[in-house]
Every structure is written in C-alpha cells, then in structure tokens.
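Notes to accompany the following structure.
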Amino acid sequence: MWRFFSEFRVRQLSVYWVGVIIAGLFLTRWVLVLPSIGIAGFTLTALAYALQHKVVAQRRYAPQLLSFVVVYGVHMLAGLLHSSITNQDFQKDLLLQLPLLLLPLAFVLLPSWGTAQKQQVWLILISCCLLSALGATIHYLHHSKEIDALYSRSQVMPTEPDHIRFSLLISISIVAGVDMLLTKGVARSLKVLVAVSITLLFLFQHLLAVRSGLLTVYAAIFTYLGGLLFYQGRWKPSVLGLLAIGAIGGSCLLLFPTLQIRIRNTVFDTQHRHIASAANNFSVTSRIYSYEVAESLLWQHPLLGIGKVALPHAMAQQYSYRYPEISAENYALPHNQFLYNAVSYGLLGLLLFLLGFYYPFWQALREHNIQAVAIYCIISLSFLSEYTLETNIGVIVGVLFMLIALAPVSEAAPRQPI
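Counting from 8, one number per residue, gives the positions in the sequence shown under our numbering.
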C-alpha cells in the first residue's frame, strides 16, 4: 500500500515548493514571506520523507550538498565571538542565512529528481523571468524618456525583484535554457519555446543594462560553451553559440539607448575615481572607496575580523576619518562578498567560507557538470561587485539554483501510485 510520502508524491511536492520559492522571489513586494513559506514547505517535505522511509536519500552526495552549511556555521560562530546571542542584529542575521542551512539539508534528504522534475523547475524560473521582463519592457516603452533620464543619473528602470538580483536570475535562466536546448530527449516544440524565451531574456538583459548582469551572462555563456567544447568535444554548438551572442550583443549596443547611456556613464564614473567627493554621486567610485575603507579595517583585525554586527559603525568611523568629503548618507558597505566576509569574520572566516562555498564547485569540475560550473560563475562574479549573500533574496539566489544544478538526477522516475 502506498504511503502518503511516497517517492513519486514527494518529488511532485518538492517541485511545487521550489516553484513557490521562485515565485516568491518575484512577489516579495506584495507577499514578503512567500519565499520563506516555500523553504519551510520544502524542508518539512524532505524531513517527512526521511522519517517515514528511515533513509538519507542522498547520503553519497552529502559532503558536497551540505558544504554550504559551513557558511552558516561561520555566521553563527563569528556572531557568538563578536556579540551576544541576545543581540537583535545577530538574531536577524541567523534568520536571514537560514536558507544556507535548510536548503542543503532538504536536498540531502529528498529522493533524486528525474530529468523532468529539474526541467519543470527551470521552466518555472524562465517563465517568471520572462513575465517580469515583459512587464518592465512595457513600462519602459511607455516611459522611455523618463527612464533614459534615470540611466543618465546612474539609476535603472524599476523591476521585480530589484535590478541586481533580477539580472542574476536572468543569467541563471539563460544558462538553464541553453542546457535544455542541448539536452537530448527534450521535445522539439519545447526547445523552440525555450530558445525564443532565452533569446528575449538575453535581449532584455542588455535593455536593463546592469553591469553585473551583463558580465555574468556573457561569462556564464562562455563558460558553458567552453565546457561543451573541452569536455564533450561539441565544437559546432559552441561556435554557433558564440557567433549568435556576438551578433545579438552587437545589435543591442546599436539599438538600446539604456545600454549606450550605461557605457558612457561607466566611463565617466571611472574617470572620477581619484576624487573622493565623487563617491557622493558616482556608483563605481563609491564602490572603490568602500573597498579602501574596508581594507583598512581588515588589516586592523586580520585574523578574526570585527563581526558583521559592528561592520556598519566601524565603516562609518573610518569614512569620517579618512574621507570627510564623502557625506554620511553615501557611506557604503564593501560591495564585494569576499572583502565583506574578510572584514566581518577575518581571514580565518574567509578561508572557511571559501572551503564551504566552493567545495561543491570543485566536485562539479571533477564531474564535468557544466551547468553547475556556469551557475557558480554567475554567483561568484556577482560577489565581486555586491555582497550578494547579505540580503533575503540574495542568499536564496546564491544557494538554491546551485543546489538544483548540483543535485543528482535519477535515471528512472517512479510511477504514480494507483
């Protein structure tokens, strides 16, 4: 007799809950807790399956899947070292970082998805990105002059979610779509829909013109196509893919005013990087000075850092001392995840972070998991210009899709119970 948490039913439930998480990333303005509800449902489903069947389904893959828990441990240990468990900011950080604990645990306990389940998840992501991009594009077409003026002031068009996280989601969607196009057994009609969808998303990435988004999408595509060439010897799709993105990217440069304005602003911005007061008005210059201030703090506390809770106050003190020409409202935390971690947790904490976060990347390289390597490329490049893992959406984006790409695939899915 089939029990409620059968393997088939749990697979369907887990896909449903991941769909809730993904939808929640795009709906946080209206339903803030939706991603948390999805994570809770996903984790409880995994726990129920493990308890009912008395099995750890992915015991073999536990080291690489649970490796992300080390990052959560760094937050906890450093917080206890530098502050008290009763500190509200420390408690908020532990709650914020819970996806690093719960999602890996759930993936270890759940049975392997079939190829169909993984494709369903990626299609949900692609669909959500496409709908959000469509809404933003329609808004741009109705307010193009006003939005172009925003870009002239180093701002961007409104999107859901925020433009930085959205650009990362688009890059991940494109990698997932390319992977589906090159996977055998996918229906031809579905491949056509996916090809059209990711082409539109690639175009929108240029219309949105977020620097980190453009960097990640090109780097990820080059990584994926390079993996096809060197791991599988598939030179034809690699060459055709490079020609296609070159042609589309060049066309976007000629057609999209937002991209043209962004390039001009970036060049103009970097020309002012030696003038400290320019950090009040230019985002690239502001980032550069945030790095310099953070670096000075790092060498004052190199081994164990100053603690994440104390970081904003310590940065403000250094700003006022080193760069009085920068106004207080323009003080920026270090827009680099690696530097942010080094200052907060010290070089020892940074080392633990690197070991925990990048051990699965090493395994993906060994297993020639091109999709996982490309998604790692996206997240890692985002770390260079943002503290990605320090926001609610960022920490989910930073771990969920890598876990999906890393998770093993079952050769044959069980049938639905009769």
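Cβ coordinates follow ideal geometry from the N, Cα and C atoms, glycine included.
6 Å CB neighbourhood of Val217 in its chain, flanking five on each side removed: By one-based count along the sequence shown, residue 217 stands at place 210. Excluding its 5 nearest sequence neighbours in each direction, Val217 has C-beta neighbours in its own chain below 6 Å: His170, Ser174, listed in chain order.
Per DSSP, what are the beta-bridge partners of Gly121 in this structure? As a first step, residue 121 is located in the sequence shown; it is residue number 114 there, counting from the start. Gly121 has Ser417 as its beta-bridge partners, per DSSP.
Short of 7 Å in beta carbon distance, which residues of its chain neighbour Trp24, apart from the five on each side in sequence? Order them along the chain. Residue mapping note: residue 24 aligns to position 17 of the sequence shown, counting from 1. Leaving aside the five residues that flank Trp24 on each side, the residues in its chain whose CB is nearer than 7 Å to its CB run, in chain order, Gly45, Gly48, Phe49, Thr52.
In terms of residue numbering, what span does the alpha helix (DSSP H) encompassing His89 cover? Position 82 of the sequence shown, counted from the first residue, corresponds to residue 89. Its alpha helix (DSSP H) spans residues 76–89.
Under 8 Å Cβ to Cβ from Ala226, same chain only, skipping five residues before and after it: list those, please. Within the sequence shown, the letter at position 219 stands for residue 226. The residues are Cys384, Ile385, Leu388.
Pro244 - containing alpha helix (DSSP H), residue span: To locate residue 244, count along the sequence shown from 1; it is residue 237. For Pro244, the enclosing alpha helix (DSSP H) has its first and last residue at 242–262.
Skipping 5 residues on each side, what residues in its chain have a beta carbon closer than 7 Å to that of Pro415? Here the question's residue 415 lines up with position 408 in the sequence shown. If you ignore the 5 residues before and after Pro415, its C-beta comes within less than 7 Å of the C-beta of Gln65, Tyr68, Ser119, all in its own chain and listed in chain order.
Is Tyr394 near Gln344, with beta carbons less than 8 Å apart? Numbered from 1 along the sequence shown, position 387 holds the residue referred to as residue 394. Numbered from 1 along the sequence shown, position 337 holds the residue referred to as residue 344. In contact: Tyr394 and Gln344 (Cβ atoms closer than 8 Å).
What are the start and end residues of each continuous alpha helix (DSSP H) run of 4 or more residues lying completely inside the region 326–401, in chain order? Runs of the alpha helix (DSSP H) inside the region 326–401: 344–373, 377–392.
State the Cα-Cα distance for the pair Leu396 and Pro264, rounded to the nearest angstrom. Along the sequence shown, read from residue 1 onward, the residue named residue 396 stands at position 389. Along the sequence shown, read from residue 1 onward, the residue named residue 264 stands at position 257. Cα-Cα distance, rounded: 31 Å.
Where does Asn94 fall in DSSP's three states? As a position in the sequence shown, residue 94 is number 87, starting the count at 1. In the structure shown, Asn94 sits in coil (DSSP, three-state: anything other than H, G, I, E or B).
Extract the residue ranges of the alpha helix (DSSP H) inside the region 104–180, only unbroken runs of 4 or more that lie entirely within it. Those alpha helix (DSSP H) runs which fall completely within the region 104–180 and span 4+ residues are 106–116, 122–149, 151–159.
Please identify the residue among Leu232, Ser159, Gln124 whose C-alpha is closest to the C-alpha of Ile181. The count along the sequence shown starts at 1 and reaches residue 181 at position 174. That would be Leu232, whose Cα lies nearest to the Cα of Ile181.
Within 10 angstroms of its Cβ, does Trp129 collect 16 or more other Cβ (buried), or is it exposed? Stepping through the sequence shown from its first residue, residue 129 is reached at position 122. Buried, since its Cβ has 16 or more Cβ neighbours within 10 Å.
Spatial distance of Val22 from Leu109 (CA atoms): Sequence index remark: in the sequence shown, residue 22 carries index 15 (1-based). Sequence index remark: in the sequence shown, residue 109 carries index 102 (1-based). Straight-line Cα distance between these residues: approximately 16 Å.
Touch check for the region 325–337 and the region 274–288: three-plus C-beta pairs under 8 Å? Touching, yes, given that three or more Cβ pairs across the two stretches are closer than 8 Å.
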